[in-house]
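Everything on this sheet refers to the single structure shown next.
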Amino acid sequence: MNNDSRPLLLELKKVGKTFSEDIVALRDMDLKIHSGDFISLLGPSGCGKSTALRIISGLTEPTVGEVDWKVSHGSGAIGVVFQEATLLPWTTVEKNVWLPFRLQNKSFKEKKDEVERSLELVGLKDFTKSYPRELSGGMKMRVSIARALVTDPKVILMDEPFAALDEITRFKLNNDLLALRETLGCTIIFVTHSVFESVFLSDRIAVMAARPGRVIQELGVDEPYPRGESFRTSSSYGVICRNTSEALKLAMEN
Amino acid sequence: MASTDIKVDSPSPNKVVDKNELLKKRKERNIKIGKWVMPIIVFMITIYLWYWTVQVNNIPHYILPDPFLVVTTLIQDIQILLSALQVTIQITLMALAVAVVGGVGLAILFTQSKFFEISFFPYAVILQVTPIISIAPLIFIYVDNRTVGLLLCAWIVAFFPILSNTTLGLNSVDHNLKDLFKIYGANRWQKLLHLQIPSALPYFLGGLRIAGGLALIGAVVAEYVAGTGGIGSGLAYTILEAGYRLNIPRMFAALLLIAGTGVFIFAILSFLSHLLLHKWHESALQKEN
Ligand SMILES: Nc1ncnc2c1ncn2[C@@H]1O[C@H](COP(=O)(O)OP(=O)(O)O)[C@@H](O)[C@H]1O
Ligand SMILES: [Mg+2]
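Protein chains in written order, with my numbering: chain A, 885 to 1138; chain B, 7 to 295.
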């Protein structure tokens, strides 16, 4: 897809992160995120994918380099989804989705519509009053996604969100995530160590190498959306997966 | 062989009998009933043995009264006993309330300032590990007001479990949730109110259940030390006084009330805990199953 026609949203410029003398999590990482991108960070564990996300979200300061935002980004500009659903167990699904607004001191009443819409988008409008412990792993993850969506963020950061789920649930959530993105046109940075997942979901894959962590190759996935089950079984999917695997292999030998 | 085949092929699968599952279910049911029945049976046997021992050996009631005499005494002396019980319960509850306020307040201060925590936590531990019975006499030297002295003793015993449990709870917030709050720009107050305090609730309630029993122990022990009675003395003094007069049945009756109070406090606090946690917390979940 033609990324250059989309406006630039943010840019990592020569970002490096050194935790201690012998732990260089990232070095000279460059990455451009355009509005509407679905970009995957793919790499072996320990290559600094999570660190990159933490730097983008502002949780961690880079040691060198900078994150250059092209737009203003206040509270609610970033949505996050972790590997665990990370819900507040003591309150209901709808109150969990309201949380980002609650932290902006906006009442539940005021934001009820947004909360309901978000839950409807992830297919959970019948579970608004449930408690997290009553839900399955996949449903909890949906709540987590609804919470990330609810503020209509500029970018959604997802750190191996489906890695802990079974394959059937993961496929279903992959499809639904793409459908969501079609509807909302949101920008997503998606961390995964699954080649198949990254190819199926994203329009661009940044393959990362470890020690020090950096982007070693960027691959475009020039397949039109919407992508469905037919894409998963198509020959072009197979070809792209093979290319990506080879890039990843190269990254790991590096 | 043939009969098993028929069972497996049976059109209504509900009818298929699995011996192991059936046995397991029966055992579960027996335990459920037994949980109530067995303690009652043990209780009745104990009472009977007690009664029998007293009767057969002709033990005088100023050494060991039989259980019926204890109950009769309880009913006869109910006025004295109840007013004493009221005093003990008052001290206990007041101490527990102050322990909650003090313990939770201090725990919150601790989480707001690590420096404060590392400065003061060791002293909380020292206060806790020093037996109350050895501090109490000093307290009654320096504190003139008897009630305040009792309260102070009961508080010292009760507040530590609340402090340490609540501190632990406030500090054991899920780190991803902490990150989430940070990303959404939550301030310190929002983090405390919407994240740390709810996370700490199960820990706090665990501490509270322990503290309830300890407050009663503290109140009773302190009164033994305080000694002198008069108006406004509690059950501990009733026991002491009855002991001087060799009124053993009354000692037993007072003991019964103290034990009953302890059980009652524990039950109330357990119920409170269930009420607050049953919708979401794992501990309550497991109890239901
Ligand atoms: N807070 C930290 N302190 C020290 N080292 C860290 C910290 N966070 C991550 N690291 C190290 O940085 C490297 C990259 O970690 P991470 O970004 O979590 O990798 P990934 O998400 O790709 O598995 C790892 O070697 C990890 O041990
Ligand atoms: Mg990671």
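In this text, a Cβ means the ideal position worked out from N, Cα and C, and glycines have one as well. From a predicted model like this one, the values you see are computed outputs, not experimental measurements.
Pull up the CB-CB distance for Ile1073 (chain A) and Ile923 (chain A), whole angstroms please, since I reckon it's below 8 angstroms.
Taking the first residue of the first sequence as position 1, residue 1073 (chain A) is located at position 189. Taking the first residue of the first sequence as position 1, residue 923 (chain A) is located at position 39. Contact flag correct, Cβ pair sits at about 6 angstroms.
If you count every other CB in all the chains shown that lies within 10 Å of the CB of Ala969 (chain A), and 16 or more means buried, which is it?
Counting from one through the first sequence, the residue named residue 969 (chain A) turns up at place 85. Residue environment analysis places Ala969 (chain A) among the buried positions, since at least 16 neighbouring C-beta atoms fall within 10 angstroms of its C-beta.
So, with DSSP's three-state summary, where would you put Ala192 (chain B)?
Translated into positions along the second sequence, residue 192 (chain B) becomes position 186. Residue state, collapsed to three classes: coil.
Would you say Arg986 (chain A) faces chain B, with C-beta separation under 8 angstroms as the test?
Within the first sequence, the letter at position 102 stands for residue 986 (chain A). Chain B contact via Cβ: present.
CA-CA distance, Val227 (chain B) and Trp58 (chain B)?
For the purposes of this step, residue 227 (chain B) is taken as the residue at position 221 of the second sequence. For the purposes of this step, residue 58 (chain B) is taken as the residue at position 52 of the second sequence. Those two C-alpha atoms are separated by around 33 angstroms.
Cα-Cα, which of A:Leu1062, A:Ser1020, A:Phe1055 and A:Thr1071 is closest to Arg1111 (chain A)?
The residue given as residue 1111 (chain A) occupies position 227 in the first sequence. Looking at the Cα atoms, A:Leu1062 is the closest of the given residues.
Classify His200 (chain B) as helix, strand or coil using the three-state DSSP reduction.
Here residue 200 (chain B) refers to the residue found at position 194 of the second sequence. In this structure, His200 (chain B) counts as helix in the three-state DSSP scheme.
Okay, do the segment 194–203 of chain B and the segment 125–141 of chain B touch, 3+ Cβ pairs below 8 angstroms being the bar?
Not touching, per the Cβ criterion.
Is any beta-carbon of chain A found at less than 8 angstroms from that of Glu204 (chain B)?
Walking along the second sequence from the start, residue 204 (chain B) turns up at place 198. Correcting the residue type first, residue 204 (chain B) is Pro in the shown sequence and not Glu. Yes, contact with chain A.
Return no unless some Cβ of chain A is closer than 8 angstroms to the Cβ of Asn295 (chain B).
Numbered from 1 along the second sequence, position 289 holds the residue referred to as residue 295 (chain B). Note that Asn295 (chain B) scores 37 on pLDDT, short of 50, meaning its location in the model is unreliable; the coordinates nonetheless yield the value given after this. By this cut-off, Asn295 (chain B) is not an interface position.
How is Lys13 (chain B) classed by DSSP in three states: helix, strand or coil?
The residue labelled residue 13 (chain B) in the question sits at position 7 within the second sequence. Reliability of the predicted coordinates at Lys13 (chain B) is poor, the pLDDT of 46 falling under 50, and no value is obtained from them.
Straight-line gap, Ala248 (chain B) to Ile95 (chain B) (C-alpha atoms, nearest Å)
Stepping through the second sequence from its first residue, residue 248 (chain B) is reached at position 242. Stepping through the second sequence from its first residue, residue 95 (chain B) is reached at position 89. Separation of Ala248 (chain B) and Ile95 (chain B) (C-alpha to C-alpha, rounded to the nearest whole angstrom) is 20 angstroms.
Residues passing the C-beta test against ligand 4 heavy atoms, cut-off 5 angstroms
This structure lacks ligand 4; the ligands present are ligand 1 and ligand 2.
Report whether the distance from the Cβ of Asp185 (chain B) to the nearest heavy atom of ligand 2 is below 7 angstroms.
Here residue 185 (chain B) refers to the residue found at position 179 of the second sequence. For ligand 2, no non-hydrogen atom lies closer than 7 angstroms to the CB of Asp185 (chain B).
Tell me which same chain residues have a C-beta within less than 8 angstroms of the C-beta of Asp180 (chain B), skipping the five on either side of it?
Working through the second sequence from its first residue, we reach residue 180 (chain B) at position 174. Residues of the same chain with a CB within less than 8 angstroms of the CB of Asp180 (chain B), apart from the 5 flanking positions on each side, are Ser205 in chain order.
Please report whether the beta-carbon of Ile189 (chain B) lies at a distance below 8 angstroms from any beta-carbon of chain A.
Position 183 of the second sequence, counted from the start, is the residue given in the question as residue 189 (chain B). For Ile189 (chain B), the nearest beta carbon of chain A is closer than 8 angstroms to its own beta carbon.
Which of the three DSSP states, helix, strand or coil, is assigned to Val955 (chain A)?
On the first sequence, residue 955 (chain A) is found 71 positions in, with the first residue counted as 1. Assigned with DSSP and collapsed to three states, Val955 (chain A) falls in coil, not helix or strand.
Could you check whether the segment 1091–1099 of chain A touches the segment 924–934 of chain A, counting it as contact only if at least three pairs of C-beta atoms, one from each stretch, sit closer than 8 angstroms?
Here the segment 1091–1099 of chain A makes contact with the segment 924–934 of chain A; the two share three or more CB pairs at distances below 8 angstroms.
For a contact meaning CB atoms closer than 7 angstroms, what does Ser959 (chain A) contact in chain B?
By 1-based counting over the first sequence, the position of residue 959 (chain A) is 75. Neighbours of Ser959 (chain A) in chain B, taken as residues whose beta carbon is under 7 angstroms from its own, are Tyr190 and Gly191 in chain order.
Applying the 10 Å Cβ sphere with the 16-neighbour rule, what's the burial state of Ala265 (chain B)?
Mapped onto the second sequence, residue 265 (chain B) falls at position 259. Ala265 (chain B) comes out exposed.
How close, in whole Å, do the beta carbons of Leu971 (chain A) and Ser1028 (chain A) come, if the pair is a contact with beta carbons under 8 angstroms?
Residue mapping note: residue 971 (chain A) aligns to position 87 of the first sequence, counting from 1. Residue mapping note: residue 1028 (chain A) aligns to position 144 of the first sequence, counting from 1. Sure, about 7 angstroms apart at Cβ, within 8 angstroms.
Any heavy atom of ligand 2 closer than 7 angstroms to the Cβ of Asp1106 (chain A)?
Counting from one through the first sequence, the residue named residue 1106 (chain A) turns up at place 222. Relative to ligand 2, Asp1106 (chain A) has its C-beta separated by 7 angstroms or more from all heavy atoms.
Rounded Cβ spacing between Thr267 (chain B) and Ala90 (chain B) (contact assumed at less than 8 angstroms)
Reading the second sequence from its first residue, position 261 is the one you call residue 267 (chain B). Reading the second sequence from its first residue, position 84 is the one you call residue 90 (chain B). Actually they are not in contact, since the Cβ atoms of Thr267 (chain B) and Ala90 (chain B) sit about 11 angstroms apart, beyond 8 angstroms.
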